[in-house]
Amino acid sequence: FPDSSSALSELSDARPDCAVVDVNLGHGPSFEVAAARRDRRIPFLFVTGYDREGIDPLFSDVPRIEKPSHAAQVVAAVARLVV
Numbered sequence: 007f008p009d010s011s012s013a014l015s016e017l018s019d020a021r022p023d024c025a026v027v028d029v030n031l032g033h034g035p036s037f038e039v040a041a042a043r044r045d046r047r048i049p050f051l052f053v054t055g056y057d058r059e060g061i062d063p064l065f066s067d068v069p070r071i072e073k074p075s076h077a078a079q080v081v082a083a084v085a086r087l088v089v
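Those letters in the sequence shown? Residues 7 to 89, per the working numbering, in order.
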């Protein structure tokens with residue numbers, strides 16, 4: 007999704023098995039999409055250009071892949087979420 011509002015809107019209509027979340031969806035760091043996923047108990051991971059210090063401490067337990075990344079890394083991480 008290109009921004010937080012469209013990601014949150016879709017979440018109100020659907021319940022995915024897991025999610026890949028970018029911390030920056032166009033307007034700087036935002037954790038509202040991650041918080042919504044956590045509230046709904048949807049497993050997720052971050053794929054982001056932010057290092058560990060750029061992630062809100064509330065999400066320190068969430069797997070994180072730094073950009074640039076390879077598709078194989080993301081696929082493997084998603085597979086671990088849904089097992």
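Backbone N, C-alpha and C define an ideal beta-carbon position, used for all residues, glycine too.
Burial state of residue i, where buried means 16 or more other Cβ atoms lie within 10 Å
{"i": "Ser-11", "result": "exposed"}
{"i": "Leu-51", "result": "buried"}
{"i": "Asp-90", "result": "In the structure as shown, the chain starts at 7 and stops at 89, and residue 90 therefore has no counterpart that could be examined."}
{"i": "Val-53", "result": "buried"}
{"i": "Ala-78", "result": "exposed"}
{"i": "Val-27", "result": "buried"}
{"i": "Val-88", "result": "exposed"}
Residue i, enclosing alpha helix (DSSP H) - first and last residue
{"i": "Leu-64", "result": "Per DSSP, Leu-64 belongs to no alpha helix (DSSP H) and is neither H nor E."}
{"i": "Ala-41", "result": "38–45"}
{"i": "Leu-14", "result": "10–19"}
Opening and closing residue of the beta strand (DSSP E) in which residue i lies
{"i": "Leu-51", "result": "50–54"}
{"i": "Val-81", "result": "Run containing Val-81: none in the beta strand (DSSP E); it sits in the alpha helix (DSSP H), 77–88."}
{"i": "Ala-25", "result": "25–27"}
Test item: CB-CB of residue i and residue j under 7 Å
{"i": "Pro-69", "j": "Ala-85", "result": "no"}
{"i": "Gly-32", "j": "Asp-9", "result": "yes"}
{"i": "Ala-40", "j": "Phe-65", "result": "yes"}
{"i": "Ala-20", "j": "Arg-43", "result": "no"}
{"i": "Tyr-56", "j": "Val-80", "result": "no"}
Within-7 Å CB hit, residue i to chain D
{"i": "Asp-45", "result": "Annotation note: the requested chain D is absent from the structure, which comprises a single protein chain."}
For residue j and residue i, believed in contact at Cβ under 8 Å, the rounded distance
{"i": "Pro-22", "j": "Ile-48", "result": "6 Å"}
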